[in-house]
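These notes concern the structure reproduced below.
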Amino acid sequence: MELFDTHTHMDSKNFDEDRAETIERAREQGVTRMINIGFNRETIPTTMKLAEEYEFIYAAVGWHPQDAITMKEEDLDWITELCKHEKVVAIGEIGLDYYWDTSPKEVQHEVFRKQIRLARQLGMPISIHNRDAHEDVVRILREEKASEIGGVMHSFSGSWEIAKMCLDMNFHLSFGGPITFKNAKQPKEVLMKTPLDRLLIETDSPYLTPHPFRGKRNESGYVRLVAEAAAELLGKELEEIARITTQNALERFGIR
Numbered sequence: 000m001e002l003f004d005t006h007t008h009m010d011s012k013n014f015d016e017d018r019a020e021t022i023e024r025a026r027e028q029g030v031t032r033m034i035n036i037g038f039n040r041e042t043i044p045t046t047m048k049l050a051e052e053y054e055f056i057y058a059a060v061g062w063h064p065q066d067a068i069t070m071k072e073e074d075l076d077w078i079t080e081l082c083k084h085e086k087v088v089a090i091g092e093i094g095l096d097y098y099w100d101t102s103p104k105e106v107q108h109e110v111f112r113k114q115i116r117l118a119r120q121l122g123m124p125i126s127i128h129n130r131d132a133h134e135d136v137v138r139i140l141r142e143e144k145a146s147e148i149g150g151v152m153h154s155f156s157g158s159w160e161i162a163k164m165c166l167d168m169n170f171h172l173s174f175g176g177p178i179t180f181k182n183a184k185q186p187k188e189v190l191m192k193t194p195l196d197r198l199l200i201e202t203d204s205p206y207l208t209p210h211p212f213r214g215k216r217n218e219s220g221y222v223r224l225v226a227e228a229a230a231e232l233l234g235k236e237l238e239e240i241a242r243i244t245t246q247n248a249l250e251r252f253g254i255r
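Taken in order, the sequence shown gives residues 0 to 255; the numbers are from numbering that gives the first Met the number 0.
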């Protein structure tokens, strides 16, 4: 069985004491590939280091909306250059975040649009961060013709109506720990309606830890718990969900 964690932050300081051991635990759980996310000036270099150190770890690089106010033109040039690297498979995580008041909305919009345009220019998929900004995210994706490249709605939390709009724009929906939460009705309902060929799984570790470890540090190996929850919701075997989501990820990110 092969599992693919499509969104993790294994370079986080939360793993400084036991990073190698945590990665090995993930391998023991059947995780054969991961995409680590570099999203600002601090995490892009550490993400690239991980991708170069481990054959099975790939990288996505971009500028997070919370950090949008810090982005300069040279940072966009840096991302452009890094996208030539054989281990970089997406631009992300990019998008909008209206929960944390760290960057003005108009700045977030501008940085988001610039990175979609770059992704279209380079022909690369994008990984979308969307927190409390569903309508604006969908609108900007449409206006910037993001359907030409598509990508992933990371840790999808929207309604089925929003999901359908994203699916129509050539996006996959990725689900993580919340589908294991007892009261998380909406993500479970959306997952059950998502076409199997558009379904991805992730951890977003060290955040959004699935049950029964909720409240503790998340890690990539727990993507197996996400896969188990998805299998139960869909009435399928764990092995089938692992196979489907891994194949979807390989195709979405152009990994051979």
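Glycine is no exception: its CB is placed at the ideal position from the N, C-alpha and C atoms.
Spanning the alpha carbons of THR179 and MET47 requires a straight line of approximately 31 Å. LEU140 is not bridged by DSSP to any residue.
Apart from the 5 residues on each side of it in sequence, ALA228 sits with its Cβ closer than 6 Å to the Cβ of ILE178, THR179 in its chain, given in chain order. With a minimum length of 3 residues, the unbroken runs of beta strand (DSSP E) contained wholly in the segment 178–215 fall at 198–200. Taken in chain order, the whole beta strand (DSSP E) runs of length 3 or more contained in the segment 5–89 are 30–37, 56–60. CA-CA distance, VAL30 to PHE3, rounds to 6 Å. Excluding sequence positions up to five before and after LEU140, its CB lies within less than 6 Å of the CB of MET168, all in the same chain and listed in chain order.
By alpha-carbon distance to GLU201, the top candidate from ARG32, MET0, THR21 is ARG32. The Cβ-Cβ distance between GLY157 and PRO209 does not fall below 8 Å. For the set ILE161, SER11, ARG119, ILE93, the Cα lying nearest the Cα of GLU143 is the one of ARG119. Straight across, the Cα-Cα distance linking THR79 with GLU250 is about 22 Å. Between the alpha carbons of LEU117 and PRO124 lies a distance of about 10 Å.
Cβ contact annotation for PHE14 (same chain, cutoff 6 Å, sequence separation greater than five): THR21, in chain order. Beta-bridge partners assigned by DSSP to ASN129: LEU95. Taking all protein chains shown into account, GLY234 has fewer than 16 neighbouring C-beta atoms within 10 Å of its C-beta and is therefore exposed. DSSP places MET152 within a strand segment (E or B) once states are collapsed to three.
Apart from sequence neighbours up to five positions away, the residues of its chain that approach ILE115 with a beta-carbon distance below 6 Å are GLU143, ALA145, ordered along the chain. Of the other Cβ atoms in all chains shown, 16 or more fall within 10 Å of the Cβ of PHE170; this residue is therefore buried. For the 8 Å CB-CB criterion, GLU92 and HIS133 do not form a contact. Excluding the 5 residues flanking it on each side, HIS8 has same chain C-beta neighbours closer than 8 Å at ASN35, ILE36, THR42, ASP203, SER204, PRO205, TYR206, in chain order. DSSP, read as helix, strand or coil, puts PHE170 in strand.
Comparing alpha carbon positions, the residue from LEU49, GLU23, ALA230, LEU198 closest to THR245 is LEU198. When LYS113, VAL151, PRO186 are compared, the shortest CA-CA separation from ASP74 is found for LYS113.
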